[in-house]
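Visitor: Okay, here's the structure, questions in a sec.
Numbering (this note's numbering), first residue to last: 2 to 299.
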């Protein structure tokens, strides 16, 4: 089997021509590697050019024993994309997954936090430490600007335009957008940036990165997840939350307070408004209120 060359070429295509993020490209790669492991385990020596629909159906059957429908659907979608690439490059004449349907997953609504729960999380931060000041600024930024965790850890000092009331965000596919930032979030970023960050021994290459670890180097996604999980446990919050929960809460609270979906879409950096529309399903009472307020036949 010679899958590595095809996988590397495919990942280059995703990076250069599709402009996808590093994390997305890695996830596509994991799906193909899972297929390769299945082939190796079952001693099926076949290239991506020759693999048949029947073999792929066997693989999906095995995957279905271990994964939930949502994960199965993601793997099938990822593999379809890989074989579409092989067809596009004339390595194959057909996509062997063309007729294989992904399982129905339904639409999972994201968890959200109330304003009180967000306040409780932030109040639980130990501000007697340098990391505490940083963590408060990070949570305020996640919730105040609706950022993805990858956008938070890559935020640069040169991306802060406080006089204009905006920060510049580099999102998925290296697409840039300007997001409004409120005075409270600015205040806590300034405290960290001016009182804490100068005391760090900043590593080469990280000079412009806003949020740093105690060794003056880049934060990882996993560190931000851990910080938020630990705070949730500290305040006895039963919800299963992550940095993305603060992003969902940002959008939901804007919607509940009368913001329109198009504005929320621009702030979140969603390619399609369909992605943003999931927030409409979170609060039916809000929609009912809109109907009664604005429809001519009340």
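Positions of the beta carbon are idealized from the N, C-alpha and C atoms, including for glycine.
This one's a predicted model, so the numbers in the text were calculated from it and none came from an experiment.
Going by DSSP, what residue range makes up the alpha helix (DSSP H) through residue 23?
Guide: Element bounds for residue 23: 23-42.
Visitor: Spell out a yes or no on whether the region 185-200 and the region 25-40 are touching, meaning 3 or more CB-CB pairs, one atom from each, closer than 8 Å.
Guide: no
Visitor: Between which two residues does the alpha helix (DSSP H) holding residue 248 run?
Guide: 244-257
Visitor: Kindly indicate the opening and closing residues of the alpha helix (DSSP H) around residue 184.
Guide: 184-192
Visitor: The beta strand (DSSP E) with residue 179 in it runs from where to where?
Guide: 177-181 is the extent of the beta strand (DSSP E) around residue 179.
Visitor: Flag this pair as yes or no: are the beta carbons of residue 29 and residue 86 separated by less than 7 Å?
Guide: no
Visitor: Looking only at DSSP bridge pairs, what is residue 119 linked to?
Guide: Beta-bridge partners assigned by DSSP to residue 119: none are found.
Visitor: Could you name the residues of the same chain whose beta carbon sits closer than 7 Å to that of residue 20, not counting the 5 residues immediately before and after it, in chain order?
Guide: 174, 175
Visitor: According to DSSP, is residue 169 part of a helix, a strand, or is it coil?
Guide: strand
Visitor: Does the Cβ-Cβ distance between residue 68 and residue 154 come in under 7 Å?
Guide: Result no, Cβ atoms of residue 68 and residue 154 do not sit closer than 7 Å.
Visitor: Find out if the Cβ-Cβ distance for the pair residue 83, residue 96 is shorter than 7 Å.
Guide: Not closer than 7 Å, so no.
Visitor: Along the chain, where does the alpha helix (DSSP H) containing residue 78 start, and where does it finish?
Guide: Unbroken alpha helix (DSSP H) run through residue 78: 70-89.
Visitor: Can you tell me the Cα-Cα spacing of residue 167 and residue 246, whole angstroms?
Guide: 22 Å
Visitor: Out of 60, 277, 8, 181, state which residue places its alpha-carbon closest to the alpha-carbon of residue 31.
Guide: Nearest to residue 31 by C-alpha distance, out of 60, 277, 8, 181, is 8.
Visitor: Bridge partners for residue 162 per DSSP, in chain order?
Guide: 167
Visitor: Name the residue from 89, 205, 228, 258 whose alpha carbon lies nearest to the alpha carbon of residue 132.
Guide: 228
Visitor: Residues in its own chain within less than 6 Å of residue 270 by CB, not counting five upstream and five downstream?
Guide: 172, 178
Visitor: Which word fits residue 49, buried or exposed, when buried means at least 16 other C-beta atoms lie within 10 angstroms of its C-beta?
Guide: buried
Visitor: Taking three-plus beta-carbon pairs below 8 Å as touching, is the region 231-243 in contact with the region 113-127?
Guide: yes
Visitor: Go through its chain and collect everything with a Cβ distance to residue 141's Cβ below 8 Å, but skip five positions before and after it.
Guide: A distance below 8 Å between beta-carbons, with the five flanking residues on each side excluded, links residue 141 to the following residues of its chain, in chain order: 123, 185, 186, 189, 190.
Visitor: From what residue to what residue does the alpha helix (DSSP H) around residue 138 run?
Guide: 131-146
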